[in-house]
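Right, one structure below, let's go through it.
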Amino acid sequence: MTLDTAIGRDMSAFVRRREDGRDRLDLLVTGARCAGCISKIEGEVSALPGVRSARLNLSTGRLAIEVSAGAIDPGRVIGALAGLGYPATPYDPGAALQQRDREGRKLILALAVAGFGAMNAMMFSVPLWAGLFDQELGPATRTMMMWMSAAVGAPCAIFAGMTFFESAWRSLRAGRANMDVPISVGVILTLAISFSETILNGRDAYFDAAVSLLFLLLIGRWLDHRLKASARSAAGDLLALQAPTVCLVDGAGRERSIPLGDVASGDRIRVRPGDRIPVDAVLEDGEALLDNSLLTGESAPERVARGQLCRAGAVNLAGLLTLRAEAGSEDSTLAEIARLIDAGAQSRSRYVRLADRAAALYVPVVHAAAVLTFAGGWALGLDPREALIRAVAVLIVTCPCALGLAVPAVQIVASARLFRRGVLVKSGAALERLAEVDHVVFDKTGVLTEGRPALIETPRCVVAMAAPLARASNHPMARAVARVAGDGPVATDVIEHAGLGVEGLIDGRRARLGRSAFVGVPTLSGSETELWFGFEDGPKVRLRFSDTPRPDAAQTVAALLARGLTVEILSGDQAGVVEAVARSVGIPVWRSGLLPEDKAEAVDHLAAAGRKVLMVGDGLNDAAALARAHAAIAPGSAIEASQNAADLVLTQDRLMAVVEALDVARSSRRRALENFGFAALYNLVAAPAAMIGLVNPFVAALAMSGSSLVVTLNALRLRAAR
Amino acid sequence: MNILLLLAPFSVMLGLVAVIAFVWTLRSGQYDDVKGAAERILIDEPNPIAPTTDPTAESGPN
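For the record, the sequence lines run as chains L and Z.
Each number in my numbering corresponds to the 1-based position in the first sequence with 479 added.
Each number in my numbering corresponds to the 1-based position in the second sequence with 10 added.
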């Protein structure tokens, strides 16, 4: 659904009643950036009749409008916003409400508590560590300080550590050990030792170390969560932009707008020219011309006769259609493809992330080192208390803090950078997979090409002659002619003949624009990539079309080849068309006439041959292949299913963004590996030091914080990197 | 040194107040639109700003 078609539609289905009994309309507004935009948008919308209040969330672009019952036409609100220069679309916040950011709030609360605990517990530890007790402070004050430190530090540590304890417990019960296990063991042991020291009037208490450790770890956790959450909400917004309504015809012939999800089998629905067929449906009346390019990749329009099936996802090119729904929205060709996508996504989830691989090595080694320290120290004649403190120091100094931050810090910087450049990264794992890619597969229509017909090599006078009639039509080819001709007069008495063309009066003379037979030319080629124009009594001229490659397609392909990747086209279109595009953008290998299953299979074959495939595609026919590929990118113009299946979505109309995403993914992988290298080096130095008793738990916590700082700074280098 | 008995708990209390204040700001949705809040102070508003109607905002403490 494009923004301009949204304005003319009945959108009342999007006004929802909330629990508090008031009606609410939610819109997603694009283009708002500053205070001026806020006041313009809120002012204009609140002034509309029926609107009680309007509030724009500038961070998310969501405009919440509270309306008086039944007195608002969302189309007018959208129209008013479009008039101000802000495209808007209705948005269903139901899904967003469900996935409210509970996890994030829990993390940030734990972070706040850990921060508070760390600072205040440290306040009592500074005199302890500064050795003031031999000089000025007495043993009574010292005991008080330790107890105060315990009173502040322990509850905070337990509260903030819950995230880690829970996850460690879950993984232990599943018979595995993740990175949270050494963290939890370290923290709990530290707390236990500190308590026993405090009670027994001992020397050392490390409540502050335990809390500051958790504070730093939580920063890493929160960064990771932020990355996922922001990607999820941005992806949700992209999908919400396409939230379609369906025009339902009831028994009395009245039209009513309902959300797509409410369509049931047997409903009569109406589809206007230029709109997408919402569900699989049988054509009831007339003859339809459908653009199936998203479904099959075939760019030539397909004619459908009465009683035949129109598949969901096809675009109605001409005339008003009345259809009878064959299936609800969950149960159609789309659902079939969704199953293929699920199968693909499962095969991809077996991928092991860098951090997990590191953890698999790390966890047993650290535990073994700690146990060895304790047992070794005891055997060598240390008293058990001292040996235990050394073991804890080993656990803390080797705490996977730097490891925990290594990847999220890099990925959040990388995704922020890509987001500014028009690429939405849906998960951190996607970046890691993208960095490994060595073979790129492109879909043709809508990816390498604009995905819409463009006029080629036609004399200006011919275009100018046909333009008045072209301006009166909604057909993509006619629109292409009108675009070339620019503004000008429009033909009168226009009749649109579905699937044939348009007819109208230009300067009083009857003219036709459309298929050869319709205009009155004996069929020469029957090609769907041409349009004929002629006055009733004059000569007929031909207008030829092609789907032109995107302006930066050739540049993108060249850049990919220069990086040592191999490139290929998999298209559902006819061989001749694919070959022409392949030649013009410089891709040597191409396959044509592929069905969705063929594409997925081709990707599987490449994977079986050991290639790491990046699939770039937009259509429904690509969705399964997108899900099967090692990494997948879909343009923002792609349909919902493809965007769901893809790892990255291009939010701007530039193909070069694919190359940029690849570069950033590769350099972020390099940074992550550097971080791992540093963490390993640090552990190699720190762990033995802790084992021989050079490091007490507090110094361990300090060293550990230093290592996380280094890792974070290294990640920030990505921001500037070319 | 007796003053420590007063000052130490006092400073912890202050820290605690800060945490409680932070939790309150978190719950009342003040971090839901950080960008918007920064820009809104520039708007000349003849009448006060409408209360938050963002549906994704938390409604009251939970």
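Backbone N, C-alpha and C define an ideal beta-carbon position, used for all residues, glycine too.
Note that this is a predicted model, so its numbers are computed, not measured.
Query raised in the report: Residues of chain Z with CB under 7 Å from residue 584 of chain L, in chain order?
Result: 36
Query raised in the report: Is the region 1028-1036 of chain L touching the region 919-930 of chain L, taking contact as three or more C-beta pairs under 8 Å?
Result: yes
Report task. Taking residue 538 of chain L as the query, report the chain Z residues whose CB atoms sit under 8 Å from its CB, ordered along the chain. Result -> 42, 43, 44, 45 and 46
Query raised in the report: Does residue 13 of chain Z come within less than 8 Å of chain L when only Cβ atoms are used?
Result: no
Query - Among L:1046, L:506, L:697 and L:781, nearest to residue 566 of chain L - alpha-carbon criterion - result: L:506
Query raised in the report: Does the beta-carbon distance from residue 1094 of chain L to residue 1117 of chain L come in below 8 Å?
Result: no
Report task. List the residues that DSSP assigns as beta-bridge partners of residue 1025 of chain L. Result -> L:933
Query raised in the report: Using a Cβ-Cβ cut-off of 8 Å (strictly less than) and excluding sequence neighbours within five positions of residue 41 of chain Z, which residues of its own chain qualify?
Result: Hits under 8 Å: 35.
**Report entry** DSSP-derived helix/strand/coil call for residue 1112 of chain L
**Finding:** strand
Query - residue 972 of chain L - containing beta strand (DSSP E), residue span - result: 971-976
Report task. Grab me the residues of residue 1014 of chain L's own chain with a C-beta within less than 6 Å of its C-beta, minus the 5 sequence neighbours each way, in chain order. Result -> 988 and 990
Query raised in the report: Can you tell me whether DSSP reads residue 676 of chain L as helix, strand or coil?
Result: helix
Query - Buried/exposed call for residue 658 of chain L, threshold 16 Cβ in 10 Å - result: buried
**Report entry** Closer than 8 Å to chain Z by CB, residue 577 of chain L
**Finding:** Any reading at residue 577 of chain L needs caution, since the residue's pLDDT is 46, under 50, leaving its predicted position unreliable; the model's value is listed next. No, no contact with chain Z.
Query raised in the report: Roughly how many whole angstroms lie between the Cα atoms of residue 1021 of chain L and residue 980 of chain L?
Result: Each residue's Cα considered, the two are about 14 Å apart.
Query raised in the report: Which residues in the same chain as residue 975 of chain L place their Cβ atom closer than 7 Å to its Cβ, once the five residues preceding and following it in sequence are excluded?
Result: Around residue 975 of chain L: 797, 798, 952 and 981.
Query raised in the report: Is any beta-carbon of chain Z found at less than 8 Å from that of residue 690 of chain L?
Result: So no, residue 690 of chain L is outside the interface.
Query raised in the report: Does DSSP put residue 990 of chain L in a helix, in a strand, or in coil?
Result: strand
Query raised in the report: Using Cβ-Cβ distances below 7 Å, what residues of the region 507-529 of chain L are close to chain Z?
Result: 513, 514, 517 and 518
Report task. Can you tell me which of L:516, L:541 and L:955 puts its alpha carbon nearest to the alpha carbon of residue 503 of chain L? Result -> L:541
Query raised in the report: Name the DSSP beta bridge partners of residue 983 of chain L, please?
Result: L:990
Requested in this report: Locate the beta strand (DSSP E) running through residue 622 of chain L, then write down its first and last residues.
Outcome: Counting along the chain, residue 622 of chain L falls outside any beta strand (DSSP E), though it belongs to the alpha helix (DSSP H) covering 618-652.
Query raised in the report: Which residues, in chain order, does the region 591-607 of chain L contribute to contact with chain Z at a C-beta distance below 8 Å?
Result: 591, 592, 595, 598, 599, 602 and 603
Requested in this report: Output yes or no for whether 8 Å exceeds the beta carbon distance between residue 871 of chain L and residue 678 of chain L.
Outcome: no
Requested in this report: Run down chain Z in chain order and give the residues with a C-beta less than 7 Å from the C-beta of residue 627 of chain L.
Outcome: Within chain Z, the residues placing a beta-carbon under 7 Å from that of residue 627 of chain L are 18, ordered along the chain.
Query raised in the report: Just reading off the alpha helix (DSSP H) that residue 18 of chain Z is part of, what are its end residues?
Result: Residue 18 of chain Z -> alpha helix (DSSP H) spans 13-37.
Requested in this report: Using a cut-off of 7 Å between C-beta atoms, extract the partners of residue 587 of chain L located in chain Z.
Outcome: 36
**Report entry** Euclidean distance between Cα positions of residue 1040 of chain L and residue 1181 of chain L
**Finding:** 47 Å
Query raised in the report: DSSP on residue 704 of chain L, reduced to helix/strand/coil?
Result: helix
Query raised in the report: Could you give the distance in angstroms between the alpha-carbon of residue 1160 of chain L and the alpha-carbon of residue 1092 of chain L?
Result: 33 Å
Query raised in the report: So is residue 786 of chain L buried or exposed if we call it buried at 16+ other beta carbons inside 10 Å?
Result: exposed
**Report entry** Nearest-angstrom Cα separation, counted from residue 973 of chain L out to residue 954 of chain L
**Finding:** Computed Cα separation, rounded: 13 Å.
Report task. List the residues of chain L that residue 27 of chain Z touches, going by C-beta distances under 8 Å, in chain order. Result -> Near residue 27 of chain Z there are no residues of chain L at all, since even the closest Cβ is about 10 Å away, more than 8 Å.
Query raised in the report: What residues from chain A crowd round residue 631 of chain L, counting only those whose CB sits closer than 7 Å?
Result: Checking the listed chains, one finds no chain A in this structure; the protein chains it contains are L and Z.
Query raised in the report: What is the DSSP secondary structure of residue 669 of chain L, counted as helix, strand or coil?
Result: helix
**Report entry** Alpha-carbon to alpha-carbon, residue 934 of chain L and residue 959 of chain L
**Finding:** 6 Å
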